Structure formats: C-alpha cells, structure tokens
Amino acid sequence: MNRIVDLTLTFTQDITGFSKETSKTLETDGWNASTLTFYSHCGTHMDAPIHFNVSKQTIDEIPVTDFVGKAWVIDVRHIDSKGLITPKHISQDVRDKFTAGDSLIFWTGWSQYVNTPKYRDELPRISGALALWCVNNNVKMIGVEPPSVADVNNLAEVTKIHDILLRSVVIIEGLTNIDALLTNCVELIALPLKIGKGDGAPARVIAIETNS
Numbered sequence: 025m026n027r028i029v030d031l032t033l034t035f036t037q038d039i040t041g042f043s044k045e046t047s048k049t050l051e052t053d054g055w056n057a058s059t060l061t062f063y064s065h066c067g068t069h070m071d072a073p074i075h076f077n078v079s080k081q082t083i084d085e086i087p088v089t090d091f092v093g094k095a096w097v098i099d100v101r102h103i104d105s106k107g108l109i110t111p112k113h114i115s116q117d118v119r120d121k122f123t124a125g126d127s128l129i130f131w132t133g134w135s136q137y138v139n140t141p142k143y144r145d146e147l148p149r150i151s152g153a154l155a156l157w158c159v160n161n162n163v164k165m166i167g168v169e170p171p172s173v174a175d176v177n178n179l180a181e182v183t184k185i186h187d188i189l190l191r192s193v194v195i196i197e198g199l200t201n202i203d204a205l206l207t208n209c210v211e212l213i214a215l216p217l218k219i220g221k222g223d224g225a226p227a228r229v230i231a232i233e234t235n236s
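Numbers 25 to 236, taken from this note's numbering, label the letters of the sequence shown in order.
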C-alpha cells in the first residue's frame with residue numbers, strides 16, 4: 025500500500041505574506057467563508073520563469089507534466105546556516121540511479137525555523153555549480169525547505185541562481201515535513217494554483233512512497 029506524506033506548510037496568520045479574514049458567517053449569511061490574501065511567493069510555493077524574466081512563461085503556462093515525477097531526497101542537514109549546497113552533496117548512489125527527468129528534494133531541516141528571522145536571513149543556499157548541474161542533467165523539479173533557493177538578501181545571488189534554474193527546472197520553495205519520509209526515492213506531486221499570468225503561486229506538495 026502506498027504511503028502519502030504532505031510536504032506543504034499550513035497557511036496561518038503567522039505566515040508572512042498571508043492573511044485570512046472572515047467574509048461570511050453561518051449565523052449572518054447562511055454559510056462560512058473567508059477572504060484570503062496571498063503574496064505569490066509565500067509559504068509552500070512554486071516559481072514561474074517570468075518571476076525573474078528568464079522567459080515570459082507564467083505559472084498557468086507550465087505543463088502539468090512538469091509537476092509530477094520521481095524525486096530523490098538529498099540529506100544535507102549538516103549544512104550550516106548560510107551554507108552552500110553543491111553537486112558533491114549528491115551521493116554517488118543517487119547519481120548512479122538518477123535518470124534525466126528525475127527531481128531533487130534537498131532536506132535541510134530548515135522548516136523548523138518558519139516564522140523566525142533565521143528562516144529567511146540565514147538559509148542554506150543552492151550553489152551556482154549545483155544549479156548548473158541540475159540544468160545540465162535535466163532535473164525536472166528542485167524542492168527546498170527555505171523560502172528561496174538563494175540568499176534573498178543578496179540580489180545578485182538570488183537573481184543568478186533563479187536565472188540558471190528557471191531555464192528548465194521547476195522551483196518549489198517552502199517545503200516541510202521531509203523528516204516524515206521513510207525512503208530517499210518518492211513520487212513527487214507539486215500542484216500550484218492556476219493563476220493567469222502568475223509569476224508564482226502557492227502549491228500543495230505531496231510525496232508518495234511505494235511499497236515495491
């Protein structure tokens with residue numbers, strides 16, 4: 025029987041860039057409803073190439089086939105604050121089994137810092153060499169726990185890494201619950217809201233572990 029693990033942060037009022045306000049109530053209007061306000065890159069979310077003008081492709085134009093596929097979990101919890109994740113952190117075992125079109129999830133444990141300054145300001149980052157490795161090896165999706173794949177306080181760096189990856193790689197940021205996985209190979213499904221002309225969107229991300 026397959027095991028399904030949710031890798032998505034829960035949107036609460038504590039998430040920067042998100043708010044939820046009462047719109048209707050059962051007592052007054054006959055049903056409960058809310059008005060939701062999102063920054064397009066808050067919580068667990070996906071980037072579109074237009075986010076950095078790598079191309080004009082928007083979130084609604086990315087083929088849905090790019091949102092599903094086999095993914096390898098790379099344990100890099102030993103990486104320090106502000107540390108760089110490089111190709112050498114991908115084990116030889118994963119390299120031997122990796123095939124073009126597979127995806128990578130980088131397990132840093134960083135989601136434990138959500139809603140703290142450290143979460144945004146000291147995040148471990150994807151190196152330029154690793155970004156190029158992902159493009160050159162036809163990685164489909166790259167998933168990270170921090171709110172970005174690069175230092176958001178360094179415009180040159182964050183631009184460079186997104187410029188490289190968004191040529192061909194789907195970027196998923198703000199993952200959580202990776203420690204609940206029992207295997208380093210899963211079926212990854214990451215579905216962003218289909219926002220017309222969107223530069224990014226919140227996404228529901230799950231991992232499926234198969235017993236085979």
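Each residue gets a CB set at the ideal place from its N, CA and C atoms; glycine is no exception.
Keep in mind it's a predicted model, so treat the numbers as computed, not measured.
TODO: Alpha carbon to alpha carbon, how far is THR36 from VAL159? Give it in angstroms, no decimals.
DONE: In a straight line, the C-alpha of VAL159 is about 34 Å away from that of THR36.
TODO: With TRP131 as the anchor, note down where its beta strand (DSSP E) starts and where it stops.
DONE: Residues 127–131.
TODO: For the alpha helix (DSSP H) holding LEU215, just list the boundary residues, first then last.
DONE: Careful: LEU215 lies outside any alpha helix (DSSP H), inside the beta strand (DSSP E) at 209–216.
Task: Runs of alpha helix (DSSP H) lying entirely within the region 158–220, each at least 4 residues, in chain order - done: You should have 179–189.
Open item on the list: Under 8 Å, with one C-beta from each stretch per pair, do the region 74–82 and the region 100–111 reach the 3-pair mark?
Closed with: In short, these stretches do not touch, since the Cβ pair count stays below three.
Open item on the list: According to DSSP, is TRP134 part of a helix, a strand, or is it coil?
Closed with: In this structure, TRP134 counts as helix in the three-state DSSP scheme.
Task: Given ASN26 as reference, the closest of ALA225, ALA174, LEU212, LYS218 once Cα atoms are compared - done: The shortest Cα separation from ASN26 among ALA225, ALA174, LEU212, LYS218 belongs to LEU212.
- [ ] Pull up the CB-CB distance for ASP71 and LEU199, whole angstroms please, since I reckon it's below 8 Å.
- [x] Contact between ASP71 and LEU199 is ruled out by a C-beta separation of about 13 Å, above the 8 Å threshold.
- [ ] Confirm, please, whether the CB-CB distance from ILE28 to ILE230 is below 8 Å.
- [x] In this structure, ILE28 lies closer than 8 Å to ILE230 by Cβ.
- [ ] Return yes when the Cβ of GLY152 is within less than 8 Å of the Cβ of ILE129, no when it is not.
- [x] No; because the gap between Cβ atoms is not below 8 Å, this pair is not in contact.
Open item on the list: Using a 10 Å radius around the Cβ and a threshold of 16 neighbouring Cβ atoms, would you call TRP134 buried or exposed?
Closed with: With 16 or more Cβ atoms within 10 Å of its Cβ, TRP134 is classed as buried.
Task: First and last residue of the uninterrupted alpha helix (DSSP H) at THR61 - done: No alpha helix (DSSP H) contains THR61, which is instead part of the beta strand (DSSP E) from 57–62.
Open item on the list: I want to know whether the region 214–233 touches the region 84–95 - three or more CB-CB distances under 8 Å.
Closed with: Flag = yes, the region 214–233 and the region 84–95 touch.
Task: Length of the line joining the Cα atoms of ARG144 and VAL176 - done: Roughly 7 Å separates the two Cα atoms.
TODO: Closer than 7 Å by C-beta to TRP55: which residues in its own chain qualify, once you throw out the five before and the five after it? Chain order, please.
DONE: Annotation for TRP55: LYS48 place their beta carbon closer than 7 Å to its own, counting only its chain and skipping 5 residues before and after.
Task: Close-in-space but distant-in-sequence residues of the same chain around ALA95 (CB under 8 Å, 5 per side omitted) - done: ASP126, SER127, LEU128, ILE129, MET165, GLY167, CYS209, VAL210, GLU211, LEU212, ALA231, listed in sequence order.
Open item on the list: Once DSSP output is grouped into helix, strand and coil, what is the label at VAL97?
Closed with: Strand, per DSSP.
- [ ] Figure out for me which residue from ALA225, GLY220, VAL194 has the closest Cα to the Cα of VAL92.
- [x] For the set ALA225, GLY220, VAL194, the Cα lying nearest the Cα of VAL92 is the one of VAL194.
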